[in-house]
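Trainee: Take this structure first; my questions come after.
In our numbering, the protein residues as written are -13 to 212.
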């Protein structure tokens, strides 16, 4: 039985906001200042949910444990901080989704692995400053897929984890939500592509933000069996 939530929590990059253009620009600036050709956007976009790790991995073929990675990461962060909301914005249907959640008397919040130094200035620039809570990747001692950030969000909202749903576009989101004891929703409108979430064992896989409003309507008006 799916029970109605009192709050819906969202991942940020690839779930609420399309931030890939500015993330890609930040890593490609690292390449151009080194005399290298930019990495194609189609290669970078699918890795955007993984932040610096994903961008540097796709553009330079380096992992966090590799020599030279930390220097590139620091440069990437500097570039991104200087231009994080040039081309970023909300996905189509997100404004309507958030308005519908609020109209239903529910709270909504953000739980992202993005560092606080980027989350806090970005949210007001893309229209998300009114989130009931915003938990960043360094708010707690652990980032997703650890459940700690989601549990902190529930605590701040004065709710139990079972009263919250979590929506994300990355396997780590679903793992964190399940570990926290929340109902999990994988979104196919983000960077993962529409078919990949089918393998994550989320409670629901949705392809459009409007489908989340429809699901809320169903569980608020009748017993809905999963």
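Even for Gly, the Cβ is constructed at its ideal location relative to N, Cα and C.
Pull up the distance between the alpha-carbon of residue 111 and that of residue 3, whole angstroms please.
Mentor: Their backbone Cα atoms lie some 11 Å apart in a straight line.
Trainee: If you drop the 5 nearest sequence neighbours on each side, which residues of the same chain put their C-beta closer than 7 Å to that of residue 138?
Mentor: Here the set comprises 121, 125 and 126.
Trainee: DSSP puts residue 93 in a beta bridge; with which residues?
Mentor: Answer by DSSP bridge pairing, in chain order: -7.
Trainee: Rounded to the nearest angstrom, what separates residue 101 and residue 164 at their Cα positions?
Mentor: Looking at the two C-alpha atoms, the distance is approximately 22 Å.
Trainee: My output table needs one value for residue 79: the three-state DSSP class, helix, strand or coil.
Mentor: Three-state result, residue 79: coil.
Trainee: Closest to residue 33 by CA distance: which of 193, 68, 97 and 177 is it?
Mentor: With distances taken between Cα atoms, residue 33 lies closest to 177.
Trainee: Which residues does DSSP pair with residue 171 in a beta bridge?
Mentor: Residue 171 is bridged to 153 and 190.
Trainee: For residue 211, name the three-state secondary structure that DSSP assigns.
Mentor: For residue 211, the predicted model reports a pLDDT of 41, less than 50, meaning its position is unreliable; a value from the coordinates is still stated below. Three-state DSSP puts residue 211 in coil, outside helix and strand.
Trainee: Mark residue 184 as exposed unless 16 or more other C-beta atoms lie within 10 angstroms of its C-beta, in which case mark it buried.
Mentor: Classification of residue 184: exposed, given that the 10 Å Cβ count is below 16.
Trainee: Determine, using beta carbons only, whether residue 8 and residue 73 come nearer to each other than 8 Å.
Mentor: In contact: residue 8 and residue 73 (Cβ atoms closer than 8 Å).
Trainee: If you draw a straight line from the C-alpha of residue 210 to the C-alpha of residue 170, how long is it?
Mentor: Because the pLDDT at residue 210 is just 41, under 50, the model does not fix this residue reliably, and the point stays unresolved.
Trainee: How many Å lie between residue -6 and residue 62 at the Cα?
Mentor: Looking at the two C-alpha atoms, the distance is approximately 31 Å.
Trainee: Going straight from the alpha carbon of residue 187 to that of residue 173, what length do you get?
Mentor: When rounded, the distance between both Cα atoms is 12 Å.
Trainee: Mapping DSSP to helix, strand and coil, what is residue 52?
Mentor: Reduced to three states, the DSSP call for residue 52 is coil.
Trainee: For the ligand ATP, I want to know if residue 43 counts as a neighbour, meaning its beta carbon is within less than 7 Å of at least one of the ligand's heavy atoms.
Mentor: The model depicted lacks the ligand ATP and carries no ligand whatsoever.
Trainee: With DSSP run on the structure shown, which of helix, strand or coil describes residue 8?
Mentor: In the structure shown, residue 8 sits in a helix (DSSP, three-state: H, G or I).
Trainee: Cα-Cα, which of 43, 202 and 94 is closest to residue -2?
Mentor: For residue -2, the nearest C-alpha among the options comes from 94.
Trainee: Which first and last residues belong to the alpha helix (DSSP H) in which residue 45 is found?
Mentor: 37 to 46 is the extent of the alpha helix (DSSP H) around residue 45.
Trainee: In the structure shown, what three-state DSSP assignment does residue 34 receive?
Mentor: Residue state, collapsed to three classes: helix.
Trainee: Using a Cβ distance threshold of 8 Å, determine whether the segment 40 to 52 contacts the segment 67 to 87, with at least three qualifying pairs required.
Mentor: They do not touch, by the three-pair rule.
Trainee: Rounding to the nearest angstrom, what Cα-Cα distance links residue -8 and residue 179 in this structure?
Mentor: The alpha-carbon atoms of residue -8 and residue 179 are separated by roughly 29 Å.
Trainee: Could you tell me the distance, in whole angstroms, from the CA atom of residue 70 to the CA atom of residue 5?
Mentor: Roughly 8 Å between the two C-alpha positions.
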